[in-house]
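Enquirer: When we follow the numbering used here, the leftmost residue of the sequence shown carries the number 1177, and every step to the right adds one. Below are the structure tokens for one structure; questions will follow.
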Amino acid sequence: MTINIGRYTGLFTVFTVAIFFLPVLLGMPSATGFAIALPPLIAAVVEGNAFAKTNGARPAGRTAMEGSLRMTAFSFGVSLLLFGLGNVATGGQLFAELGGAPRVALGAVALVVIQFAFNRLGLRLAPQTA
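Written as structure tokens, this is what we have:
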């Protein structure tokens, strides 16, 4: 069995939207670093746990690496979609505030590295056996 990307993407999306909008609704300051790191970590731990229950052990080696890469690709896609929606909602102001294409591209590269690291860590934090 491979990692269920659909469930991972759903969890990632729900946690990302909740962590970005919940502070706004509650009138609290937003914690951007927390909002970037927590969704891939939680979703990867849930997926690693489900994998361990099905296969008797957490993903390791090639399975874990391929799973982390696939999860990173999907989480980055969701992040790009949410960024695009936010940019449209603000009339292009979000893109301009971030400094244009070079800074957004640099931020995207950093986001991929962070998401991959937390996806890999999440699979590593899954139980050895279920």
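Glycine residues also receive a C-beta, built at the ideal position from the N, C-alpha and C atoms.
Quick one: Cα of A1249 to Cα of A1236, how far?
Expert: Spanning the two alpha carbons is a distance of roughly 19 Å.
Enquirer: Taking C-beta to C-beta, are P1215 and F1191 nearer than 8 Å?
Expert: Yes, these two residues count as a Cβ contact at 8 Å.
Enquirer: In its own chain, which residues sit with a C-beta less than 7 Å from the C-beta of N1263, not counting the 5 before and 5 after it?
Expert: L1270, F1271, listed in sequence order.
Enquirer: Expressed to the nearest angstrom, what Euclidean distance is found between the alpha-carbon atoms of L1274 and L1287?
Expert: If you take the alpha carbons of L1274 and L1287, they lie about 14 Å apart.
Enquirer: Going straight from the alpha carbon of M1247 to that of A1265, what length do you get?
Expert: Distance between the alpha carbons of M1247 and A1265: 27 Å.
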